[in-house]
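For the sequence shown, UniProt numbering begins at 1 and goes up steadily by one.
One structure is given here, and the rest of the page talks about it.
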Amino acid sequence: MRTHTGEKPFQCTVCNKTFALSGTLETHLRTHTGEKPFECSVCNKTFALSATLKTHLRTHTGEKPFECSVCNKTFALSATLKTHLRTHTGEKPFECSVCNKTFGRHSQERAFLRRCCCGGGLATCFRGSTQRDRRDPADPSRS
């Protein structure tokens, strides 16, 4: 019922974030304590969430339960399948706020921002600019 009412009576004593369920608060507290009670029986790596351990185990078993309906490629993570599907649809949901160039993956957008908009001390995106404009504005040979 709390889902519909928005009631969140369980509050974190560290950061004051509130939760609808006591179990969710208990899980959240691990972000502050660093507790990782779930251990992989293969490599002994530990995790804060049982679901994360379950996903991790696929690295050892090779299980890839998520299949692309277009090309039948399989993936260990549903999120990876979702990203992969964009190669078929052409969807590019990530956009540079400077030049509006779009990207299929957030990592591509971040790399572009480091390289183009923010990289090398330049705070300007050069998409659509001339070769002359692409030179470093601090370069004395530019004038």
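By construction, the Cβ of each residue, glycine as well, lies at the ideal position given by its N, Cα and C atoms.
DSSP places residue 5 inside the alpha helix (DSSP H), whose first and last residues are 2-5. In this model, residue 3 and residue 20 are separated by some 7 Å (Cα to Cα). Contact between the region 38-47 and the region 56-72 is established, with three or more Cβ pairs separated by less than 8 Å. Around residue 73, the same chain offers 67, 84 as residues with beta carbons nearer than 8 Å, after the five sequence neighbours per side are excluded. Under the criterion of beta carbons closer than 8 Å, residue 112 and residue 102 do not qualify as touching, at roughly 10 Å. Here DSSP, grouped into helix, strand and coil, assigns residue 55 to helix. Assignment of residue 102 by DSSP, reduced to helix, strand and coil, places it in the strand class. Residue state for residue 109 is assigned as helix, using DSSP reduced to three classes. Between residue 46 and residue 36, the C-beta gap is smaller than 8 Å, which places the two residues in contact.
The beta carbon of residue 105 is closer than 8 Å to those of 83, 86, 94 in its chain, skipping five residues each way along the sequence. Nearest to residue 34 by C-alpha distance, out of 44, 48, 6, 22, is 48.
Here the alpha carbons of residue 110 and residue 53 stand approximately 28 Å from one another. Relative to the Cα of residue 50, the nearest Cα in the group 10, 75, 30, 8 belongs to 30.
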